[in-house]
Amino acid sequence: PEGYAVDPKGVALDESKVYSGERSVRLTKKPAKKSIVSLRQRFDAEPGTWYRAKVRYQADVSKGVPHIIFTAFGKNGQWLRHQGGARGLTKTGDKWTELSVDTKCEDDTSQLMVEFFFYDDQSDGVAWIDDFEVAKIKK
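When you read off a place in the sequence shown, starting at 1, and then add 7, the result is the number in the numbering used here.
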């Protein structure tokens, strides 16, 4: 939405680091103007409902920060706003760390997108993510 291009070359399946299952997703980011590396999922959302996104990750980031964020979209797919973001750790070693964020679906929102990404376009590093999920919650 902000004019950034997602670099698909920065996303790969990886069997070397796994929290559960057989693979994780490795995100590799090098500094590049107006380019991001992310994994995102867009889904239909119910106004008035709270959602929680959470992910297990490992990171080795020398510049920038891994983030998880929700983005709201209207009925015609128009971008409305970012909401409910959280910053992760830049260095986790071999420890799998959980990052989570909650958001409420507002009345003008038809879809939400959840995204794990590096901020900003000059970020430099790698992160492995596993067990990335979104669920309705009660607040």
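Cβ atoms here follow ideal geometry from the backbone N, Cα and C, with glycine treated the same way.
Exercise. Taking 8 Å as the threshold, find out whether the segment 96 to 109 comes into contact with the segment 34 to 51 through three or more Cβ pairs.
Key: no
Self-check item: Beta-carbon proximity list for Asn83, same chain, < 8 Å, skipping 5 on both sides
Solution: For the purposes of this step, residue 83 is taken as residue 76 along the sequence shown, with counting starting at 1. Correct list: empty, nothing qualifies.
Quiz prompt | Bridge partners - Tyr26, DSSP secondary structure assignment | solution = Numbered from its first residue, the sequence shown carries residue 26 at position 19. Partner(s): none; Tyr26 has no beta bridge.
Practice problem: Give the straight-line distance between the Cα atoms of Ala12 and Val44, rounded to the nearest whole angstrom. | Solution: Within the sequence shown, residue 12 is the residue found at index 5, counting from 1. Within the sequence shown, residue 44 is the residue found at index 37, counting from 1. Approximately 9 Å, taken between the alpha carbons.
Quiz prompt | Best match in Gly81, Gly92, Arg59 for proximity to Pro73 [C-alpha to C-alpha] | solution = For the purposes of this step, residue 73 is taken as the residue at position 66 of the sequence shown. Closest option to Pro73, Cα to Cα, is Gly92.
Practice problem: Please confirm if Arg88 has its CB atom under 8 Å from at least one CB of chain C. | Solution: In the structure shown, chain C cannot be found, because there is only a single protein chain.
Quiz item: Is the beta carbon of Gln129 sitting closer than 8 Å to the one on Phe50?
Solution: Walking along the sequence shown from the start, residue 129 turns up at place 122. Walking along the sequence shown from the start, residue 50 turns up at place 43. The answer is no: Cβ separation not under 8 Å.
Quiz prompt | Among Asp137, Val141, Lys146, Trp57, the one whose alpha carbon lies nearest that of Glu22 | solution = Start at 1 with the first residue of the sequence shown, and residue 22 comes out as number 15. Ranking Asp137, Val141, Lys146, Trp57 by Cα distance to Glu22 puts Asp137 first.
Quiz item: Taking all protein chains shown into account, do 16 or more other C-beta atoms lie within 10 angstroms of the C-beta of Gly81, making it buried, or fewer, making it exposed?
Solution: Sequence index remark: in the sequence shown, residue 81 carries index 74 (1-based). Label assigned to Gly81: exposed.
Self-check item: N-terminal and C-terminal residue of the beta strand (DSSP E) that Thr110 is part of
Solution: As a first step, residue 110 is located in the sequence shown; it is residue number 103 there, counting from the start. Start and end: 104 to 111.
Practice problem: Could you pull the start and end residues of the beta strand (DSSP E) that Ser117 belongs to? | Solution: The residue given as residue 117 occupies position 110 in the sequence shown. It is not in any beta strand (DSSP E) - Ser117 carries neither H nor E in the DSSP assignment.
Self-check item: Local Cβ density within 10 Å of Gln65, reported as buried at 16 or more and exposed below that
Solution: Within the sequence shown, the letter at position 58 stands for residue 65. Buried is the call here.
Self-check item: Contact under 8 Å by Cβ, Asp127 with Gly71
Solution: Numbered from its first residue, the sequence shown carries residue 127 at position 120. Numbered from its first residue, the sequence shown carries residue 71 at position 64. Closer than 8 Å, so yes.
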